[in-house]
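A.B. asks: Protein chains in written order, with our numbering: chain Z, 9 to 159; chain B, 9 to 159; chain G, 9 to 159; chain Y, 9 to 159; chain R, 9 to 159; chain A, 9 to 159; chain W, 9 to 159; chain U, 9 to 159. Quick reminder that beta carbons are idealized off the backbone N, C-alpha and C, glycines included.
Protein chains: 8
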Amino acid sequence: MAKPKIGIICGSKSDLPVLAKAEAQLKEFGIAYDLTVASAHRTPKQVEQYAKAAEKKYDLIIAAAGMAAALPGVIAAHTHLPVIGIPIHSPGLSGHDALFSIVQMPPGVPVATVAIDGAKNAAVLAAQILALKYPELADRLKNFKQGMAEA
Amino acid sequence: MAKPKIGIICGSKSDLPVLAKAEAQLKEFGIAYDLTVASAHRTPKQVEQYAKAAEKKYDLIIAAAGMAAALPGVIAAHTHLPVIGIPIHSPGLSGHDALFSIVQMPPGVPVATVAIDGAKNAAVLAAQILALKYPELADRLKNFKQGMAEA
Amino acid sequence: MAKPKIGIICGSKSDLPVLAKAEAQLKEFGIAYDLTVASAHRTPKQVEQYAKAAEKKYDLIIAAAGMAAALPGVIAAHTHLPVIGIPIHSPGLSGHDALFSIVQMPPGVPVATVAIDGAKNAAVLAAQILALKYPELADRLKNFKQGMAEA
Amino acid sequence: MAKPKIGIICGSKSDLPVLAKAEAQLKEFGIAYDLTVASAHRTPKQVEQYAKAAEKKYDLIIAAAGMAAALPGVIAAHTHLPVIGIPIHSPGLSGHDALFSIVQMPPGVPVATVAIDGAKNAAVLAAQILALKYPELADRLKNFKQGMAEA
Amino acid sequence: MAKPKIGIICGSKSDLPVLAKAEAQLKEFGIAYDLTVASAHRTPKQVEQYAKAAEKKYDLIIAAAGMAAALPGVIAAHTHLPVIGIPIHSPGLSGHDALFSIVQMPPGVPVATVAIDGAKNAAVLAAQILALKYPELADRLKNFKQGMAEA
Amino acid sequence: MAKPKIGIICGSKSDLPVLAKAEAQLKEFGIAYDLTVASAHRTPKQVEQYAKAAEKKYDLIIAAAGMAAALPGVIAAHTHLPVIGIPIHSPGLSGHDALFSIVQMPPGVPVATVAIDGAKNAAVLAAQILALKYPELADRLKNFKQGMAEA
Amino acid sequence: MAKPKIGIICGSKSDLPVLAKAEAQLKEFGIAYDLTVASAHRTPKQVEQYAKAAEKKYDLIIAAAGMAAALPGVIAAHTHLPVIGIPIHSPGLSGHDALFSIVQMPPGVPVATVAIDGAKNAAVLAAQILALKYPELADRLKNFKQGMAEA
Amino acid sequence: MAKPKIGIICGSKSDLPVLAKAEAQLKEFGIAYDLTVASAHRTPKQVEQYAKAAEKKYDLIIAAAGMAAALPGVIAAHTHLPVIGIPIHSPGLSGHDALFSIVQMPPGVPVATVAIDGAKNAAVLAAQILALKYPELADRLKNFKQGMAEA
């Protein structure tokens, strides 16, 4: 039986500590993922190949980037898979730049944007989306919601 | 065979013109939806009932609101379905308020946020998510992407 | 004779250090309160029950939250008691998100918003409001104002 | 038996159209008010006299101002009555200036701030506060909330 | 012969470290000043007396405040002396609040605003203004400008 | 006997309608002025000559500019006369750009900044400054303040 | 002898009116250009081909886009030619989104950003850059500067 | 044969650590530069002389400044050489001030703006521009791009 699989990609190695919360949450949900560092600006060919191959490898993509955070949108340009975008905080402009660069996508090419540094929520949103296809995730999400309510 | 079904909800009748672009796009994709006006602040009971019943009626929710736009987050609090949030522009603060109120969700309860007044993209994102469960949507999305490229 | 009683609620344990200033000020005014941690997004049922029961237990509510700070507005949706909202500062967006999420309430459901991290003022505003019903608080507020002037 | 009475004050005649919604709502609640135009910056003596006399005339004050909106805070400096502040939108800075000038009060002197141009909510908040002293207002507020839910 | 005299006033003791640069610069120019801590919101009577007495004691006023920084404007309301305003930085809103509260004065009552935490420039501007009346200051300012150019 | 004289300068002909309020107010105060259009960026030589000649012609300068509003600061760089800066509103960025470009001057070279489009206040501030040297202006300012209070 | 040639590209037909000022200015300088509409998000393949072919066809690229304005950065990712970026104003967020998306490029891949809607300056900057290779443009730029000074 | 030469200038010694990344990158490209500290506001004559002499000494200018960052624009006013502007971050306003002051140049006088503290990109952009005149730089840029892709 098919298993859910997520591609996580970020623009810079410096984004990895933020992404750790997404990884932990995906593991808790039992969702497989792999993690790639590639930049829409510095390694565009790699990003394009990643995005074009995504349909065969992943159910959806989580993409994180800071500053002029083009990565999530560029991946969304090349695939019809859902793309979840995580704006990464940086000191100049306090994260306004990454947030606006990711959320303000033009008509036709959405990115599902979560909070600044909101890596955990990227994983939860991913599980919510995947639960449409993998019903066992719906139960895990209900338990997760229950767990939050009891915590 | 099951058919995709979306619940669209907005906080005020004044949001309906913005949502018309979501409706048109969903129709183009052949995705059924119904449309509800209810406010997290003025009709909270109705919103709660809507959210709790959502799991049985819908595959996902699109929620639009302006100003202190709590509606998408409140619905996300009551369901594990994916919730797509559309911040509605208003003159004071130029939409910053609705955007921040929708996207900056706390850990555990994400809202998949699209651009300010980004109703068309809410529909496209919905189709991308539903395509995981309804494979015929993947083809329509590929055609849609192809159509954009040729336009 | 009836005594004033306030319900303080915040969205996260991490908000408690900010609220300590509200607690200290309420104690100085001799106003009873209890303190609850509950989240409009993670524990919505608890928040709803809290808000619905508030009328019988409290004279007014002080609600603090950060980021997409829906808590004060959601409580205001369920009660006609005055709700005082405290936006909590967080590094991304420097508190703009919590402020806008709390103050920009739609017509019909106000939240009396104080400054970012303005917990002491939430307590003073509470005392000012309660003084309408409990006249001895008016004298304490005059002394408090006098004390500020002399400090 | 005492009746509720509110003082509404604004910094400029140009603010009056915004305040009309507060007036209409207070009339609907059956709350008496009078309306004064005075400026913390242009007519400070008048504002000070207004604020000092407020305790004998009013139960609370609603103060509206735009730009460097000092009026609500200056009144709050001179009275222990609750002061509700309405930031007035102006084109430069889109209302950020009035909002920040009203809400960011220093410790000890709160202003209960509502949304930009949120005059209706100032009236609702006033009624919520006055209901502590005038119980018949609690019923009208419940009806008002009920009416919103049914609208 | 008359000597220049400046009144420096700030809203809180916590503003004093910022003002030290103004004091040092005034001393370098040989301009006398005295320093007062008083708050437009907490000690309004003291501020009013200060402002009304200013005409007989000072040539101009330097006023510093943070957050909803009403102090400079309130002093300007009570005197026709030039008032120089210094917005004080605070973490929430990164100083936007103090800047907007001081600079966005309504028609008729200006405050000569300098940069956030710009205490040195408040002193230089004061010297430039006073040089109209005390010509020896013009020479010191020319030397000061020369010194900057050579530094 | 010497008479007060002000130089008004703006960066573009499109700024002239905003400056009309400064002109009207200066005329009301009986203060002579001349008006120059020159740009720190397009006609820097003219601006430099203007600034260097200012000391012999004017008591102070009023400078207005929009966008990257360097004009007030560049004039301040070349003269020790007080320079009053008026940020001009433009649609992109709602005037934030001009305000920040004028008010955030580095240590040593202040610009006395007034509100966005605050031309009337530039004239009032000019009169307040000139009153130090021309005492008859102090009386006119007192009348002006009195007139505002009575209006 | 080689002639300068510029590629102008924008993300949407709605950007063309803004670009007209760039076209007029290039014509005035006698610089050839062609104009392409293509979107980094909707027609990424076309943009990539455009960028990869640019080196053989153009001396530099002018790229304009609004909202999450990825176009200039994506082109810069694929070519070592200088890329000049023009942020296009849109009502939501007043152009902050396009500006931040274009200017905040990560280390290694710059975009030479001009003002919001600054199409004329994009053309002037292009001429300044091309003058390094085509010396006759230096003379035209001197005349242009002279013309501005005389206008 | 001519060699590329860049003038780097910044407004304050405190900007030098940021500029170190530009220096390192220029060295890597083998581009000669010299480094000057001069302020548009404190040493305007020096800046003017620098800008007027630039045409004979440099191929282009890199100018960095913080706060009301007039330096890049003032240099651009005096030369037709390309001017690359680097906004320097400072705590008040998080760099918005420097960014807006540099990028929002009026029609006719562009500054090629890079990211806040984006010194490395200023050097890369400089190399891209100079490659039009010095073809060997094109090869180094291709290697540089290749190196980024492989890193």
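Going by DSSP in three states, A78 (chain Y) sits in which element: helix, strand or coil?
C.D. replies: Counting from one through the fourth sequence, the residue named residue 78 (chain Y) turns up at place 70. If DSSP states are grouped into helix, strand and coil, A78 (chain Y) belongs with coil.
A.B. asks: Below 8 Å on C-beta distance, what does V45 (chain A) contact in chain U?
C.D. replies: For this step, residue 45 (chain A) is matched to residue 37 along the sixth sequence. Those within 8 Å of V45 (chain A) in chain U number zero; the least Cβ separation is about 13 Å.
A.B. asks: Taking the beta carbon of T121 (chain Y) as the centre, do at least 16 other beta carbons fall within 10 Å, making it buried, or is it exposed?
C.D. replies: Counted from its first residue, the fourth sequence places residue 121 (chain Y) at position 113. Answer is buried; the Cβ neighbour count reaches 16.
A.B. asks: Counting along the chain, where does the beta strand (DSSP E) carrying K13 (chain B) start and finish?
C.D. replies: Position 5 of the second sequence, counting from 1, holds the residue named residue 13 (chain B). K13 (chain B) -> beta strand (DSSP E) spans K13 to C18.
A.B. asks: What first and last residue would you give for the beta strand (DSSP E) that runs through L43 (chain Y)?
C.D. replies: The residue you call residue 43 (chain Y) lines up with position 35 of the fourth sequence. It spans A40 to V45 - the beta strand (DSSP E) in which L43 (chain Y) sits, taken as one unbroken run.
A.B. asks: Specify, as a first and last residue, the run of the alpha helix (DSSP H) that V132 (chain A) falls within.
C.D. replies: To locate residue 132 (chain A), count along the sixth sequence from 1; it is residue 124. Residues A127 to L138.
A.B. asks: Anything in chain Z within Cβ reach of D105 (chain W), meaning under 7 Å, just list it in chain order.
C.D. replies: Sequence index remark: in the seventh sequence, residue 105 (chain W) carries index 97 (1-based). Chain Z residues near D105 (chain W): F108 and Q112.
A.B. asks: Buried or exposed: which applies to E144 (chain U), given that a residue is buried once 16 or more other Cβ atoms fall within 10 Å of its Cβ?
C.D. replies: Translated into positions along the eighth sequence, residue 144 (chain U) becomes position 136. With fewer than 16 Cβ atoms within 10 Å of its Cβ, E144 (chain U) is classed as exposed.
A.B. asks: Could you check whether Q112 (chain R) and A76 (chain Y) sit closer than 9 Å to each other, using their CB atoms as the reference points?
C.D. replies: As a working note, residue 76 (chain Y) is residue 68 in the fourth sequence. As a working note, residue 112 (chain R) is residue 104 in the fifth sequence. Taking 9 Å as the Cβ cut-off, A76 (chain Y) and Q112 (chain R) qualify as a contacting pair.
A.B. asks: With a cut-off of 8 Å on the beta carbons, I'd call I39 (chain G) and A135 (chain G) a contact; round off their distance for me.
C.D. replies: Within the third sequence, numbered from 1, the residue matching residue 39 (chain G) stands at position 31. Within the third sequence, numbered from 1, the residue matching residue 135 (chain G) stands at position 127. The Cβ separation is near 6 Å, so the contact holds.
A.B. asks: Going by the CB atoms, is the gap between I137 (chain W) and D42 (chain W) shorter than 9 Å?
C.D. replies: As a working note, residue 42 (chain W) is residue 34 in the seventh sequence. As a working note, residue 137 (chain W) is residue 129 in the seventh sequence. In this structure, I137 (chain W) does not lie closer than 9 Å to D42 (chain W) by Cβ.
A.B. asks: Put P99 (chain B) into one of helix, strand or coil per three-state DSSP.
C.D. replies: Counting from one through the second sequence, the residue named residue 99 (chain B) turns up at place 91. Coil.
A.B. asks: What did DSSP end up calling L89 (chain U) once you bin it into helix, strand or coil?
C.D. replies: As a working mapping, residue 89 (chain U) is identified with position 81 in the eighth sequence. Residue state, collapsed to three classes: coil.
A.B. asks: Would S81 (chain W) count as contacting chain B if we go by Cβ distances under 9 Å?
C.D. replies: Residue numbering aside, residue 81 (chain W) sits at position 73 when the seventh sequence is read from its first letter. Reading the sequence as shown, one finds Gly at residue 81 (chain W) and not Ser. No, no contact with chain B.
A.B. asks: Need the endpoints of the alpha helix (DSSP H) that Y58 (chain B) sits in, please.
C.D. replies: Within the second sequence, the letter at position 50 stands for residue 58 (chain B). Segment P52 to K65, the alpha helix (DSSP H) holding Y58 (chain B).
A.B. asks: Whose Cβ in chain Y lies nearer than 8 Å to the Cβ of D23 (chain A)?
C.D. replies: If you number the sixth sequence from 1, residue 23 (chain A) lands on position 15. Correct list: empty, because the minimum Cβ distance to chain Y is about 14 Å.
A.B. asks: How big is the Cα-Cα spacing for V119 (chain Z) and V55 (chain Z)?
C.D. replies: Residue mapping note: residue 119 (chain Z) aligns to position 111 of the first sequence, counting from 1. Residue mapping note: residue 55 (chain Z) aligns to position 47 of the first sequence, counting from 1. Cα to Cα, the separation comes out at about 16 Å.
A.B. asks: Exposed or buried, which one is K11 (chain U) when buried takes at least 16 other CB atoms within 10 Å?
C.D. replies: For this step, residue 11 (chain U) is matched to residue 3 along the eighth sequence. The residue in question, K11 (chain U), is exposed, as its Cβ has fewer than 16 Cβ neighbours within 10 Å.
A.B. asks: In chain B, what lies closer than 8 Å to S102 (chain Y) by C-beta?
C.D. replies: Here the question's residue 102 (chain Y) lines up with position 94 in the fourth sequence. Residues of chain B passing the Cβ test: P99, G100, L101 and S102.
A.B. asks: According to DSSP, is I94 (chain Y) part of a helix, a strand, or is it coil?
C.D. replies: The sequence position of residue 94 (chain Y) within the fourth sequence is 86, counting from 1. I94 (chain Y): strand per DSSP, three-state reduction.
A.B. asks: Would you please verify whether the beta carbon of R148 (chain W) is less than 9 Å from any beta carbon of chain Z?
C.D. replies: The sequence position of residue 148 (chain W) within the seventh sequence is 140, counting from 1. No, because no Cβ of chain Z sits closer than 9 Å to the Cβ of R148 (chain W).
A.B. asks: So, do the region 79 to 86 of chain R and the region 92 to 100 of chain A have three or more beta carbon pairs nearer to each other than 8 Å?
C.D. replies: no
A.B. asks: If you reduce the DSSP assignment to three classes, tell me which class I70 (chain W) lands in.
C.D. replies: Here residue 70 (chain W) refers to the residue found at position 62 of the seventh sequence. Of the three classes helix, strand and coil, the one that applies to I70 (chain W) here is strand, per DSSP.
A.B. asks: Rounded C-beta distance between A30 (chain B) and A123 (chain B)? I'm assuming under 8 Å.
C.D. replies: As a working note, residue 30 (chain B) is residue 22 in the second sequence. As a working note, residue 123 (chain B) is residue 115 in the second sequence. At roughly 12 Å, the Cβ-Cβ gap does not stay under 8 Å, so A30 (chain B) and A123 (chain B) are not in contact.
A.B. asks: Round the Cβ separation of N129 (chain R) and P115 (chain A) to the nearest angstrom and send it over; I've been treating them as touching at under 8 Å.
C.D. replies: For this step, residue 129 (chain R) is matched to residue 121 along the fifth sequence. For this step, residue 115 (chain A) is matched to residue 107 along the sixth sequence. Indeed they touch by this definition, with Cβ atoms about 6 Å apart.
A.B. asks: Assuming the contact rule is C-beta atoms closer than 8 Å, S102 (chain G) and A78 (chain G) should be a hit. Round their C-beta distance to whole Å, please.
C.D. replies: The residue labelled residue 102 (chain G) in the question sits at position 94 within the third sequence. The residue labelled residue 78 (chain G) in the question sits at position 70 within the third sequence. So it is not a contact: roughly 19 Å between Cβ atoms.
A.B. asks: What residues match up with A30 (chain G) in a beta bridge as DSSP calls it?
C.D. replies: The sequence position of residue 30 (chain G) within the third sequence is 22, counting from 1. Note: A30 (chain G) sits in no beta bridge, so no partner.
A.B. asks: Could you tell me which residues DSSP pairs with A120 (chain R) in its beta bridges?
C.D. replies: Indexing the fifth sequence from 1 puts residue 120 (chain R) at position 112. Per DSSP, R:I92.
A.B. asks: Identify which residue in B:Q57, B:R148, B:K153 and B:Q154 has its Cα closest to the Cα of K35 (chain B).
C.D. replies: Counted from its first residue, the second sequence places residue 35 (chain B) at position 27. Ranking B:Q57, B:R148, B:K153 and B:Q154 by Cα distance to K35 (chain B) puts B:R148 first.
A.B. asks: So, A131 (chain Z) versus A32 (chain Z), is the Cβ gap smaller than 9 Å?
C.D. replies: Position 123 of the first sequence, counted from the start, is the residue given in the question as residue 131 (chain Z). Position 24 of the first sequence, counted from the start, is the residue given in the question as residue 32 (chain Z). Yes, the pair counts as a contact, with Cβ atoms nearer than the cut-off.
A.B. asks: Using the rule of at least 16 other Cβ atoms within 10 Å of the residue's Cβ for burial, across every protein chain shown, is P246 (chain A) buried or exposed?
C.D. replies: An answer regarding residue 246 (chain A) cannot be provided, because it is not within the stretch 9 to 159 covered by chain A.
A.B. asks: Please look up how many angstroms separate the CB atoms of A157 (chain A) and R50 (chain Y), rounded, as I've assumed it's under 8 Å.
C.D. replies: What you label residue 157 (chain A) is simply residue 149 of the sixth sequence in a count that begins at 1. What you label residue 50 (chain Y) is simply residue 42 of the fourth sequence in a count that begins at 1. About 7 Å separates the two Cβ atoms, so the contact holds.
A.B. asks: Please classify K65 (chain G): is it buried, with 16 or more other beta-carbons within 10 angstroms of its beta-carbon, or exposed?
C.D. replies: Position 57 of the third sequence, counted from the start, is the residue given in the question as residue 65 (chain G). By the 10 Å Cβ count, K65 (chain G) comes out exposed.
A.B. asks: Considering only residues of the same chain and omitting the five flanking positions on each side of Y142 (chain W), which have a CB-CB separation below 6 Å?
C.D. replies: Looking up residue 142 (chain W) in the seventh sequence gives position 134. Result list for Y142 (chain W): P12, in chain order.
A.B. asks: When DSSP labels each residue in this structure, what does Q112 (chain G) get in the three-state scheme?
C.D. replies: As a first step, residue 112 (chain G) must be located in the third sequence, where it is residue number 104. Coil.
A.B. asks: List the residues of chain U whose Cβ lies closer than 8 Å to the Cβ of K53 (chain Z), in chain order.
C.D. replies: By one-based count along the first sequence, residue 53 (chain Z) stands at place 45. Per Cβ cutoff of 8 Å: A157.
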